[in-house]
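Asker: Here the sequence shown stands for residues 5 to 524, numbered as in our numbering. Backbone N, C-alpha and C fix where the C-beta goes; we use that ideal spot for every residue, glycine too. Below is one structure. I have some questions about it.
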Amino acid sequence: MKNFIFLLIAAILTGACSNVYYISPDGDDNNSGKSSSKAWKTIQKVNDTDFVPGSSILFEGGKEFSGTIQLSGADAGSADKEITISSYGDGKALINGGDNEGLLAEDCDHLVVKDLIFIGSGRKTGNVTDGVLITDSDSIKIQNLEVYGFQKSGLHVRKSVNAHITHVYAHNNGFAGIHVTGKTMNDKTNYDNADLYIAYCVAENNPGDPTVLKGHSGNGILANSVKEGIIEYCEAFNNGWDMPWTGNGPVGIWIWDCTDFIIQYCIAHDNRTNPVASDGGGFDFDGGVSNSIMQYNLSYNNEGCGYGLYEFGAAKAWENNTIRYNISQDDGIINGGSVGIWKNDNRGAMRNCEIYNNTFYNSLENGPTIWLYDHYPGFNFRNNIFVYNGTFLDENQKLGAEVFQGNIYWNLAGGLGIDNYKTIEEWTASTGKEMLNNELTGRFIDPGLNQPGKVSLTDPCLLDTTYLPEYNPVQGSPVIDAGLNLRELFNLDPGKTDILGTPVPSGQAFDIGAIEYKNN
Numbered sequence: 005m006k007n008f009i010f011l012l013i014a015a016i017l018t019g020a021c022s023n024v025y026y027i028s029p030d031g032d033d034n035n036s037g038k039s040s041s042k043a044w045k046t047i048q049k050v051n052d053t054d055f056v057p058g059s060s061i062l063f064e065g066g067k068e069f070s071g072t073i074q075l076s077g078a079d080a081g082s083a084d085k086e087i088t089i090s091s092y093g094d095g096k097a098l099i100n101g102g103d104n105e106g107l108l109a110e111d112c113d114h115l116v117v118k119d120l121i122f123i124g125s126g127r128k129t130g131n132v133t134d135g136v137l138i139t140d141s142d143s144i145k146i147q148n149l150e151v152y153g154f155q156k157s158g159l160h161v162r163k164s165v166n167a168h169i170t171h172v173y174a175h176n177n178g179f180a181g182i183h184v185t186g187k188t189m190n191d192k193t194n195y196d197n198a199d200l201y202i203a204y205c206v207a208e209n210n211p212g213d214p215t216v217l218k219g220h221s222g223n224g225i226l227a228n229s230v231k232e233g234i235i236e237y238c239e240a241f242n243n244g245w246d247m248p249w250t251g252n253g254p255v256g257i258w259i260w261d262c263t264d265f266i267i268q269y270c271i272a273h274d275n276r277t278n279p280v281a282s283d284g285g286g287f288d289f290d291g292g293v294s295n296s297i298m299q300y301n302l303s304y305n306n307e308g309c310g311y312g313l314y315e316f317g318a319a320k321a322w323e324n325n326t327i328r329y330n331i332s333q334d335d336g337i338i339n340g341g342s343v344g345i346w347k348n349d350n351r352g353a354m355r356n357c358e359i360y361n362n363t364f365y366n367s368l369e370n371g372p373t374i375w376l377y378d379h380y381p382g383f384n385f386r387n388n389i390f391v392y393n394g395t396f397l398d399e400n401q402k403l404g405a406e407v408f409q410g411n412i413y414w415n416l417a418g419g420l421g422i423d424n425y426k427t428i429e430e431w432t433a434s435t436g437k438e439m440l441n442n443e444l445t446g447r448f449i450d451p452g453l454n455q456p457g458k459v460s461l462t463d464p465c466l467l468d469t470t471y472l473p474e475y476n477p478v479q480g481s482p483v484i485d486a487g488l489n490l491r492e493l494f495n496l497d498p499g500k501t502d503i504l505g506t507p508v509p510s511g512q513a514f515d516i517g518a519i520e521y522k523n524n
């Protein structure tokens with residue numbers, strides 16, 4: 005009987021000792037904080053409190069709180085009892101970090117930050133920090149945030165295993181909208197982050213960091229030092245237009261020093277750079293990226309290349325990457341064309357990239373498909389559609405050992421537009437390009453697409469046949485059933501679907517380009 009009474013009292017006491025804390029402008033830091041009617045008042049009270057696993061710290065929705073939320077290892081959660089920072093009531097609470105961070109967490113594992121707005125005083129008007137900075141914290145979840153007005157990055161995650169970032173709207177920040185970092189650029193084997201997931205995020209109008217005078221800034225979504233990661237269903241646009249640096253530039257969505265990474269179902273458009281700087285492109289696999297896939301993405305109207313394949317000189321080799329079922333439209337307004345390939349002359353290693361079943365369309369004046377700085381082993385282009393305006397390669401460039409097989413070429417300006425060759429047969433006979441088993445595999449012909457050059461889609465969740473009809477092959481298109489069987493011929497995995505989710509192949513054979521023909 006005594007044991008029963010003891011357990012009953014313990015249960016009652018446990019229920020009474022809730023670990024939910026409320027903060028309201030109408031509260032008082034001398035209150036218990038255990039209910040909305042006994043709420044705390046300030047962020048400072050939160051910072052002065054050590055929270056046990058399972059605690060929830062809730063700010064009143066629709067109200068503003070000044071200061072920086074600071075969490076440490078003393079506030080960490082556990083796998084079954086996470087620490088949650090969020091809002092209560094109507095709408096999201098606004099955390100005004102002013103010239104500093106809105107939230108700063110270090111060694112705080114199992115942390116959830118959701119349903120909040122973080123604002124800084126502006127990248128040029130006082131703020132000198134990131135908006136939300138989380139360091140050395142594993143198993144974190146960042147959900148449904150708006151972050152703006154910070155000089156560095158809106159959201160910055162550093163050295164984290166199993167970070168899950170969804171529905172973040174990062175805009176009007178300086179260096180980047182969303183940034184994941186480590187310190188392994190000179191490490192040949194290790195990575196500081198692992199199992200990263202970024203999805204359903206928007207990085208808009210992050211123009212550049214006015215204090216970064218010797219490097220790029222103004223990126224949309226950027227990750228480095230990651231082993232196994234996914235970025236999907238994200239949009240990046242109108243970033244990079246106020247970068248002060250005149251050398252290398254920003255990109256909409258990109259990674260470097262990463263392995264086993266996938267970027268898919270994303271849209272990058274209208275990204276920019278300093279008018280005399282490089283880059284400003286849509287997507288990029290940069291220094292030290294390996295064993296990674298870029299697929300099912302849409303890039304258009306970017307000042308740099310739609311898809312950059314670059315190696316600046318990281319310790320790890322850039323190798324064994326795949327670019328497939330992507331679309332580029334009118335990219336390379338300032339720098340390059342649909343695809344850019346570049347490596348630092350004296351640093352790094354770059355090799356082996358399979359580039360197949362993409363649709364590259366460039367109607368810009370003197371708009372090329374490929375900007376090719378130099379030649380690297382194992383770059384294979386197969387089953388792609390290349391539509392260009394004047395010249396296939398950027399001005400005065402030449403092809404080397406790159407393999408081209410089973411592609412369709414079309415010059416909007418007339419003529420082949422590849423070196424000084426008049427026909428694809430002449431080009432093939434002279435260079436061996438577009439030859440397989442002593443047969444010509446490439447064609448110079450209008451690919452027969454629905455309304456190329458007209459795409460303006462911005463929502464990655466609408467990448468389907470209803471909202472992206474512009475690049476559908478029309479009936480009778482020469483791309484239909486004309487693709488090489490990559491698995492049989494080259495032991496390559498062709499993927500299960502095209503960019504719109506249509507199974508491949510859908511007809512008698514594989515098609516050429518990013519979209520399979522569907523005879524409805």
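At the level of alpha carbons, what is the spacing between Glu438 and Phe494?
Answerer: 15 Å
Asker: My parser needs the beta strand (DSSP E) runs of 3 or more residues fully inside the segment 169-200; what are they?
Answerer: 180-185
Asker: Gly317 and Phe287 - do their beta-carbons sit closer together than 8 Å?
Answerer: no
Asker: Starting from the C-beta of Asp191, find all residues in its chain whose C-beta is less than 7 Å away, skip the five residues before and the five after it, and write them out in chain order.
Answerer: When the five nearest sequence neighbours on each side are left out, the beta carbons in the same chain lying within less than 7 Å of the beta carbon of Asp191 are those of Ala319, in order along the chain.
Asker: Report back the beta-carbon spacing between Tyr413 and Phe448 to the nearest angstrom; my notes put them in contact at under 8 Å.
Answerer: Contact flag correct, Cβ pair sits at about 5 Å.
Asker: Leaving out five residues before and five after Gly253 in sequence, what residues of the same chain have Cβ atoms less than 7 Å from its Cβ?
Answerer: His220, Gly244, Met247, Thr277, Asn278, Ala281, Ser282, Asp283, Gly284 and Gly308
Asker: I need the boundaries of the alpha helix (DSSP H) containing Arg386, first residue and last residue.
Answerer: Careful: Arg386 lies outside any alpha helix (DSSP H), inside the beta strand (DSSP E) at Phe383 to Arg386.
Asker: For Glu232, name the three-state secondary structure that DSSP assigns.
Answerer: strand
Asker: What do you reckon, are the CB atoms on Asp398 and Pro372 nearer than 8 Å?
Answerer: yes
Asker: Which of the three DSSP states is assigned to Gly81 in this structure?
Answerer: Three-state DSSP puts Gly81 in coil, outside helix and strand.
Asker: In chain order, what residues of the same chain lie with their CB nearer than 6 Å to the CB of Leu107, ignoring the 5 residues before and after it?
Answerer: Ile73 and Val136
Asker: Under three-state DSSP, which class holds Ala405?
Answerer: coil
Asker: DSSP has Lys347 in a bridge; who is on the other side?
Answerer: In DSSP, Lys347 forms a bridge with Glu315.
Asker: Assess, as a yes-or-no matter, whether the segment 163-172 is touched by the segment 123-131 under the definition of 3 or more beta carbon pairs within less than 8 Å.
Answerer: No, because fewer than three Cβ pairs between the segment 123-131 and the segment 163-172 fall closer than 8 Å, the two stretches do not touch.
Asker: Classify Lys187 as buried or exposed, calling it buried when 16 or more other Cβ atoms lie within 10 Å of its own Cβ.
Answerer: Looking at its Cβ environment, which holds fewer than 16 other Cβ atoms inside 10 Å, Lys187 is exposed.
Asker: Who are Ile266's beta bridge partners in DSSP?
Answerer: For Ile266, which the question treats as bridged, DSSP gives the partners Ile234 and Ile297.
Asker: Taking the continuous alpha helix (DSSP H) assigned at Thr432, which residues delimit it?
Answerer: Ile428 to Thr435
Asker: So, Ile123 versus Asn100, is the Cβ gap smaller than 8 Å?
Answerer: Yes, Cβ-Cβ distance for Ile123 and Asn100 is below 8 Å.
Asker: Name, in chain order, the residues that DSSP records as bridge partners for Lys118.
Answerer: Gln147
Asker: Could you check the C-alpha separation between Ile516 and Asp378 for me, to the nearest Å?
Answerer: 26 Å
Asker: What does DSSP give as the partner residues of His160 in its beta bridges?
Answerer: Leu137 and His183
Asker: Apart from the five residues just before and just after Gln268, which ones in its own chain have a Cβ nearer than 7 Å to its Cβ?
Answerer: Glu236, Gln299, Tyr300 and Asn301
Asker: So Glu110 is in the beta strand (DSSP E); what residue range does that whole segment cover?
Answerer: Leu107 to Glu110
Asker: Just curious, the alpha helix (DSSP H) that Phe494 is in, first and last residue?
Answerer: Leu490 to Phe494
Asker: Work out the CA separation of Leu115 and Ser28 for me, nearest whole Å.
Answerer: Those two C-alpha atoms are separated by around 22 Å.
Asker: Relative to the alpha-carbon of Ser342, which residue among Asn23, Asp103, Asn388 and Asn325 has its alpha-carbon at the smallest distance?
Answerer: Asn388
Asker: Below 6 Å CB to CB, which residues in the same chain sit around Tyr25 once its five sequence neighbours on both sides are set aside?
Answerer: Gly37 and Ile61
Asker: If you check the beta carbons only, do Ser141 and Thr185 fall under 8 Å apart?
Answerer: No, these two residues do not count as a Cβ contact at 8 Å.
Asker: In three-state DSSP terms, what is Ile47?
Answerer: DSSP, reduced to helix, strand and coil, places Ile47 within a helical segment of the structure shown.
Asker: Could you tell me the distance, in whole angstroms, from the CA atom of Asn275 to the CA atom of Gly31?
Answerer: Straight across, the Cα-Cα distance linking Asn275 with Gly31 is about 44 Å.
Asker: If distances are taken between C-alpha atoms only, which option among Gly487, Ser296 and Ser460 comes closest to Leu440?
Answerer: Ranking Gly487, Ser296 and Ser460 by Cα distance to Leu440 puts Gly487 first.
Asker: Quick check on DSSP: helix, strand or coil for Cys309?
Answerer: coil
Asker: Give me whichever residues DSSP pairs with Met247 in a beta bridge.
Answerer: Within the DSSP secondary-structure output, Met247 pairs in no beta bridge.
Asker: By a C-beta neighbour count over all protein chains shown, 10 Å radius and 16 as the cutoff for buried, is Leu466 buried or exposed?
Answerer: exposed
Asker: Looking at Gly291 and Trp249, is the spacing between their C-beta atoms short of 8 Å?
Answerer: no
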